[in-house]
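Chains as they are written, first to last, in this note's numbering: chain P, 1 to 249; chain G, 1001 to 1325.
Below is one structure, written out as structure tokens; the observations come after it.
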């Protein structure tokens, strides 16, 4: 469980501010907002990669007091952009996600087995021997998603994990993340409003660096969303759920 | 696992080659020595000249390669080694200062201080948010190297008696080898290797960007400091004992990488063996290619052999193996 009270994180002229929010295991949370609104900064504060002021409790303990290995043992982060400058194959890239479970010296049989499973879950087993850097954007994204899941922590933070992934694998990935969120806290930065409304139960909206709106699926209002995104947001209701239709200014 | 077998085989092959080359290298030279049936003079040459020299060449080769590999890891930059980062030249400057002050016995300490200062300057100039920009690093390395060389030349100008020993730092070579130096460098190299081999998995992970590496659970800042220090330490001792020898730390790890040994657990031990092999071979050529016991500076050989081989592999396989971003 993550409890935040009066969080502020500054970088240059930008300030992230979160008045207060509590996020629990078992929640599948979408993080939304325009570019530069603070979504990625928010995730990196949660992952312990950025200094902050204010109160952040992770499973009831002050996050600042947790030694780094313990923090990283509880939280996984898939950053928006990942670069790799060594020609590792796909299997090894996914395997490195298990680092926190090792003694620092060797990966065990259990790590290899977990890696096989993560690869199967993301349908990338056939890419096993390929060089990571040779893959297409969407394939890379699936490999990195497998790598993140392979870390197997109770909190999973994903910054635009679906970007570049084809529709077929978007569906698979979302289903997988949803399954994981039954036992874990899974937070996903996403731009596709229709997809978000269809799949997620809870929503965090950021505007200008501030967590401005926290809502459950059924509390969402068109007016509020229109304000947040600066476009006219319309909900088109149909028998399978809600489609979002937006009109530019 | 298949890759492990392949690595072990490669290790066995390079270790055997190293043994063979070592035997050839100690028997060849201005005086040919037949290992079976030596005269007394020949045995003295073997024990006090040839063996220390060949061993020192091997150890310096391995040390420069380990330091180059570490620079490439922590700077996330394939062009980094002790030479291109200016660490060699600043170590040489430190060494020359020690000589000028008449502090020869603590020369490696001065070399290390010089090397660390140069490294700090280059790193500070060329890093943007923890990532070292390749072009800026090369430029900064050139500036630091030039400055260090100018300082060495100035000291040479100011003090005539130290001239010959000072020129040695700039040219590089193994003429001054002794068993004492061999033992010291062997100790430094063994300790460095023992420390860094515990970080193989982390070194692989810092090949990702810093955010990915940190959130994977690697203490990036700490590993970077540790690797920088070890790389500078190995450079300082190498330069202190053999002067500035360029190119080895850059070429050897690349060649091993191009042969598809890309994980630290394969890349580092194999590079060490190949570095020793490469340097012994170069020194052998340097001291046997001219007639009547004349010697070429070993740096000329390292640059020519290394350069040609590197170029060949680079042109043939660059597409599949080099991605800088």
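Just so you know, even glycine gets a beta-carbon here, dropped at the ideal spot from N, CA and C.
Local Cβ density within 10 Å of residue i, reported as buried at 16 or more and exposed below that
| i | result |
| --- | --- |
| residue 251 of chain P | In the structure as shown, chain P begins at 1 and stops at 249. Residue 251 of chain P is therefore absent and cannot be evaluated. |
| residue 79 of chain P | buried |
| residue 1039 of chain G | exposed |
| residue 5 of chain P | exposed |
| residue 1146 of chain G | exposed |
| residue 1048 of chain G | exposed |
| residue 51 of chain P | exposed |
| residue 1311 of chain G | exposed |
| residue 62 of chain P | exposed |
| residue 175 of chain P | exposed |
| residue 1180 of chain G | exposed |
| residue 245 of chain P | exposed |
| residue 221 of chain P | exposed |
| residue 1158 of chain G | exposed |
| residue 1008 of chain G | exposed |
| residue 1076 of chain G | buried |
| residue 1041 of chain G | exposed |
| residue 1199 of chain G | buried |
| residue 108 of chain P | exposed |
Three-state secondary structure assigned by DSSP to residue i
| i | result |
| --- | --- |
| residue 125 of chain P | helix |
| residue 2 of chain P | strand |
| residue 1075 of chain G | coil |
| residue 201 of chain P | coil |
| residue 130 of chain P | coil |
| residue 117 of chain P | helix |
| residue 9 of chain P | strand |
| residue 182 of chain P | coil |
| residue 91 of chain P | helix |
| residue 1054 of chain G | helix |
| residue 1178 of chain G | coil |
| residue 61 of chain P | strand |
| residue 194 of chain P | helix |
| residue 159 of chain P | strand |
| residue 1103 of chain G | coil |
| residue 1020 of chain G | helix |
| residue 105 of chain P | coil |
Residue j beta carbon less than 8 Å from that of residue i
| i | j | result |
| --- | --- | --- |
| residue 324 of chain P | residue 200 of chain P | As displayed, chain P neither begins before 1 nor continues past 249, which places residue 324 of chain P out of reach and without an answer. |
| residue 1098 of chain G | residue 1110 of chain G | yes |
| residue 40 of chain P | residue 210 of chain P | no |
| residue 1118 of chain G | residue 1148 of chain G | yes |
| residue 1043 of chain G | residue 1026 of chain G | no |
| residue 77 of chain P | residue 177 of chain P | no |
| residue 1102 of chain G | residue 73 of chain P | no |
| residue 1211 of chain G | residue 49 of chain P | yes |
| residue 1332 of chain G | residue 1188 of chain G | Because residue 1332 of chain G is not part of the residues shown, which for chain G are 1001 to 1325, the question remains open. |
| residue 1259 of chain G | residue 1014 of chain G | no |
| residue 1144 of chain G | residue 1082 of chain G | no |
| residue 1242 of chain G | residue 1071 of chain G | no |
| residue 24 of chain P | residue 180 of chain P | no |
| residue 1203 of chain G | residue 1264 of chain G | yes |
| residue 1069 of chain G | residue 1267 of chain G | yes |
Minimum C-alpha distance to residue i - residue among the options
| i | options | result |
| --- | --- | --- |
| residue 1029 of chain G | G:1100, G:1255, G:1295, G:1240 | G:1295 |
| residue 1139 of chain G | G:1079, G:1059, G:1283, G:1204 | G:1079 |
| residue 105 of chain P | G:1205, G:1096, G:1185 | G:1205 |
| residue 1053 of chain G | G:1303, G:1305, G:1282 | G:1282 |
| residue 1018 of chain G | G:1306, G:1284, G:1297 | G:1284 |
| residue 127 of chain P | P:92, P:159, P:152 | P:92 |
| residue 1156 of chain G | G:1170, G:1034, G:1104 | G:1170 |
| residue 1240 of chain G | G:1178, G:1252, G:1020, G:1214 | G:1178 |
Inter-residue Cα distance where the pair is residue i and residue j
| i | j | result |
| --- | --- | --- |
| residue 123 of chain P | residue 135 of chain P | 14 Å |
| residue 1088 of chain G | residue 1136 of chain G | 18 Å |
| residue 1254 of chain G | residue 1220 of chain G | 23 Å |
| residue 1223 of chain G | residue 1195 of chain G | 11 Å |
| residue 90 of chain P | residue 242 of chain P | 37 Å |
| residue 68 of chain P | residue 57 of chain P | 15 Å |
| residue 183 of chain P | residue 150 of chain P | 15 Å |
| residue 31 of chain P | residue 188 of chain P | 6 Å |
| residue 120 of chain P | residue 173 of chain P | 12 Å |
| residue 125 of chain P | residue 94 of chain P | 11 Å |
| residue 1208 of chain G | residue 1246 of chain G | 28 Å |
| residue 1191 of chain G | residue 1197 of chain G | 10 Å |
| residue 233 of chain P | residue 144 of chain P | 32 Å |
| residue 82 of chain P | residue 1288 of chain G | 50 Å |
| residue 1280 of chain G | residue 46 of chain P | 52 Å |
| residue 223 of chain P | residue 148 of chain P | 36 Å |
| residue 12 of chain P | residue 202 of chain P | 31 Å |
Residue-chain proximity (residue i, chain A), Cβ-Cβ < 8 Å
| i | result |
| --- | --- |
| residue 1201 of chain G | Among the protein chains in the structure shown, which are P and G, there is no chain A. |
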